[in-house]
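Here the structure is laid out as structure tokens; the discussion comes afterwards.
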Amino acid sequence: MAAPTCMELYAGCYERTTLGYVVNENVNEAKFVIKAKFTDNSHIGYVKTLAASESFLATGSTDETIHLYNLVTNRELGTLLQHNGSITSICFHGDSHMISGSADGTIGIWHTASWELMKSLRAHKGGVNSVAIHPSGKLALTAGQDKSLRTWNLVKGRVAYTTNIKQVADFVSWSPDGELYIVVGDSIINVYTITTATITSSIDCQRKILAVSFVTNRILAVGGEGGNIQLFELSEGKSTCRCDFKAHENRVKGIQCTSDRSSQPEENCRWLVTVSSDSHLKIWSVNVETLDEPTLLADVNTTARLTCVGVRPVLSQSADSPVGKPGVPMTDKSRESLEEDSTLTKRKNTGAEQDSRKKKFKARKQRP
Numbered sequence: 001m002a003a004p005t006c007m008e009l010y011a012g013c014y015e016r017t018t019l020g021y022v023v024n025e026n027v028n029e030a031k032f033v034i035k036a037k038f039t040d041n042s043h044i045g046y047v048k049t050l051a052a053s054e055s056f057l058a059t060g061s062t063d064e065t066i067h068l069y070n071l072v073t074n075r076e077l078g079t080l081l082q083h084n085g086s087i088t089s090i091c092f093h094g095d096s097h098m099i100s101g102s103a104d105g106t107i108g109i110w111h112t113a114s115w116e117l118m119k120s121l122r123a124h125k126g127g128v129n130s131v132a133i134h135p136s137g138k139l140a141l142t143a144g145q146d147k148s149l150r151t152w153n154l155v156k157g158r159v160a161y162t163t164n165i166k167q168v169a170d171f172v173s174w175s176p177d178g179e180l181y182i183v184v185g186d187s188i189i190n191v192y193t194i195t196t197a198t199i200t201s202s203i204d205c206q207r208k209i210l211a212v213s214f215v216t217n218r219i220l221a222v223g224g225e226g227g228n229i230q231l232f233e234l235s236e237g238k239s240t241c242r243c244d245f246k247a248h249e250n251r252v253k254g255i256q257c258t259s260d261r262s263s264q265p266e267e268n269c270r271w272l273v274t275v276s277s278d279s280h281l282k283i284w285s286v287n288v289e290t291l292d293e294p295t296l297l298a299d300v301n302t303t304a305r306l307t308c309v310g311v312r313p314v315l316s317q318s319a320d321s322p323v324g325k326p327g328v329p330m331t332d333k334s335r336e337s338l339e340e341d342s343t344l345t346k347r348k349n350t351g352a353e354q355d356s357r358k359k360k361f362k363a364r365k366q367r368p
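Following this line, the structure appears as structure tokens:
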């Protein structure tokens, strides 16, 4: 009997490539087997950010484009060319909507059914560094180069309020329950509560932070320079580092915790996926009760300088399920990846198209 596929992993790199992997669980050895799913060379700049939902993968690059994949049909969908700067942040809300942030200072709100640009909003005077959608889908946070934090009302499609902060924030992120959010700049993490929008605790990690991910509602994984990952327990007034371990030989560039609780092997465990510029992609098991040093479950040397990672839990496939063309070595510069869907092609919006969409939004807002 084939080993079940428990998740799919996606990583971007400086070599302008997107890597896809299928993870099969080896129950007998309590380990994972990582197999290449595809490689794709659609971008002409390095892959700076990516995000995966249940059905879609979106990759953003310094070439100012977003490349789209359908993970259900294993097909490329095309390229979005809305932004005029590097794509800095991408996030999904379920399978229905996606928000992209760019160095051009704008965010784009997309409807995934048609990949129509619902709205383009001027978010910051400088570039947008990070975008995070509240679990409810009604709010979003953006952090920019202008030392401001903006809260967006996604129902009305406009900014709700702006908060000036002391330094440029590199990341913003919501806790899974939506009660907390964090603002990360350099080595500092400020923890806010949504009820008062005030800082409840601050953390100085003593090193440049390059990646963060909530493991649970109150446990945060932090990685950065030096290759270590720290696990913090967040509480009002004081947040405590419960574990600090060496995860990689070089800087940690991406951390993702699997969000699907049903995919976890044990009640108190979570799977943590990390990538580094040392070329390694690793899967760890974190005991959220004891917060002991995580157990390494799998390690693959991608031979690429990795920049970001995304996780898609998959519970219904087996190892011999069709997953598209196999991966090819990073030295192969030819295009070999998911089969392209010729029926869907995305292009840069013309002025007429943008004006038409603006009119549609005005009409919607005027309805009682």
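In full-length UniProt numbering, the protein residues as written are 1 to 368. Think of the CB as a built atom: it goes at the ideal place given N, C-alpha and C, for glycine as much as any other residue. In this text the structure is predicted, and so the values were computed from the model without any measurement.
DSSP beta-bridge partners for residue i?
| i | result |
| --- | --- |
| PRO313 | MET7 |
| residue 403 | This structure cannot speak to residue 403, because the chain is shown only from 1 to 368. |
| HIS67 | THR59, THR79 |
| LEU210 | DSSP output for LEU210 lists no bridge partner at all. |
| LEU121 | ILE107 |
| residue 377 | Because the chain in this structure spans residues 1 to 368, residue 377 falls outside the shown range and cannot be described. |
| LYS35 | VAL22 |
| LEU291 | Its beta-bridge partners do not exist; DSSP assigns none. |
| SER102 | ILE87 |
| CYS241 | PHE232 |
| GLY224 | ILE209 |
What is the DSSP secondary structure of residue i, counted as helix, strand or coil?
| i | result |
| --- | --- |
| GLY254 | strand |
| VAL168 | coil |
| GLN230 | strand |
| PRO329 | Low local confidence applies: a pLDDT of 36 at PRO329 is under 50, so the model's placement there is unreliable, with the coordinate-based value given in what follows. Coil. |
| GLU76 | strand |
| GLU15 | coil |
| LYS246 | strand |
| LEU154 | coil |
| TRP115 | coil |
| HIS134 | coil |
| THR22 | Position check: residue 22 holds Val in this sequence, whereas Thr was assumed. VAL22 falls in the strand class under three-state DSSP. |
| ILE219 | strand |
| ASN190 | strand |
| ILE44 | coil |
| CYS91 | strand |
| THR200 | strand |
| CYS308 | strand |
| LEU141 | strand |
| SER96 | coil |
| GLY185 | strand |
| PRO368 | Interpretation of PRO368 is limited by its pLDDT of 31, a score under 50 that renders its predicted location unreliable; the figure taken from the coordinates is listed afterwards. Looking at PRO368 - three-state DSSP - the assignment turns out to be coil, as it is neither helix nor strand. |
Going straight from the alpha carbon of residue i to that of residue j, what length do you get?
| i | j | result |
| --- | --- | --- |
| LYS147 | THR73 | 41 Å |
| ALA304 | ASP40 | 13 Å |
| ILE182 | GLU25 | 33 Å |
| residue 390 | ARG16 | What is shown of the chain runs 1 to 368, which leaves residue 390 out entirely. |
| ALA298 | VAL159 | 42 Å |
| GLU76 | ASP63 | 18 Å |
| ILE66 | ALA113 | 16 Å |
| THR151 | ILE194 | 11 Å |
| SER223 | TRP271 | The sequence shown places Gly at residue 223, not Ser. Whole-angstrom Cα-Cα distance: 15 Å. |
| CYS278 | SER187 | Correcting the residue identity first, residue 278 is Asp in this sequence and not Cys. Computed Cα separation, rounded: 21 Å. |
| THR200 | ILE189 | 11 Å |
| LYS238 | THR162 | 26 Å |
| THR307 | GLY12 | 6 Å |
| CYS241 | GLU233 | 6 Å |
Taking C-alpha atoms, which residue in the options lies nearest to residue i?
| i | options | result |
| --- | --- | --- |
| VAL172 | VAL191, PRO135, SER130 | SER130 |
| residue 374 | CYS243, ILE229, LEU220, GLU225 | A question about residue 374 goes unanswered here, because the residues of the chain that appear run from 1 up to 368. |
| THR274 | THR290, GLY127, PHE245, ILE90 | PHE245 |
| HIS280 | SER114, VAL288, THR106, VAL252 | VAL252 |
| THR209 | SER61, ASN228, THR196, ILE199 | Per the sequence shown, the amino acid found at residue 209 is Ile instead of Thr. Selected option, being the one with the closest Cα: ASN228. |
| ALA247 | TRP284, LEU141, ALA58, GLY185 | TRP284 |
| GLY197 | GLU179, ALA211, VAL184 | The question names Gly, but residue 197 in the sequence shown is Ala. Selected option, being the one with the closest Cα: GLU179. |
| ILE87 | GLU54, HIS111, ILE44, SER96 | ILE44 |
| ALA36 | VAL309, VAL300, THR307 | VAL300 |
| LEU231 | THR200, ASP278, GLU267, THR290 | THR290 |
| residue 401 | LEU154, CYS13, GLY12 | Given that the chain is displayed from residue 1 to residue 368, the structure contains no residue 401 and the question cannot be resolved. |
| GLY144 | HIS97, SER89, TYR192 | SER89 |
| SER55 | ASP95, LYS166, CYS91, CYS257 | ASP95 |
| residue 370 | GLY310, THR200, GLY126 | Outside the displayed span of the chain (1 to 368) sits residue 370, for which this structure offers no information. |
| HIS134 | ASP177, CYS257, HIS124 | ASP177 |
Under 6 Å Cβ to Cβ from residue i, same chain only, skipping five residues before and after it: list those, please.
| i | result |
| --- | --- |
| GLY137 | HIS93 |
| residue 375 | Lying before the first or after the last residue shown, residue 375 is absent from the chain, which here runs from 1 to 368. |
| SER175 | PHE214, ASN217 |
| ILE109 | ILE99, MET118, LYS119 |
| GLY157 | LYS119 |
| TYR70 | For the record, residue 70 in the displayed sequence is Asn; it is not Tyr. Here the set comprises LEU77. |
| GLY101 | THR88, SER89, ILE107, VAL128, VAL131 |
| ASN268 | ASN287, VAL288, GLU289 |
With a CB to CB cut of under 7 Å and the five nearest residues on each side skipped, what residues in its chain are close to residue i?
| i | result |
| --- | --- |
| GLU293 | CYS243, PHE245 |
| GLY85 | GLU64, SER102, ALA103, ASP104, GLY127 |
| GLN206 | SER187 |
Could you check whether the Cβ of residue i sits closer than 8 Å to any Cβ belonging to chain D?
| i | result |
| --- | --- |
| GLU289 | Absent from the structure is chain D; it holds one protein chain and no more. |
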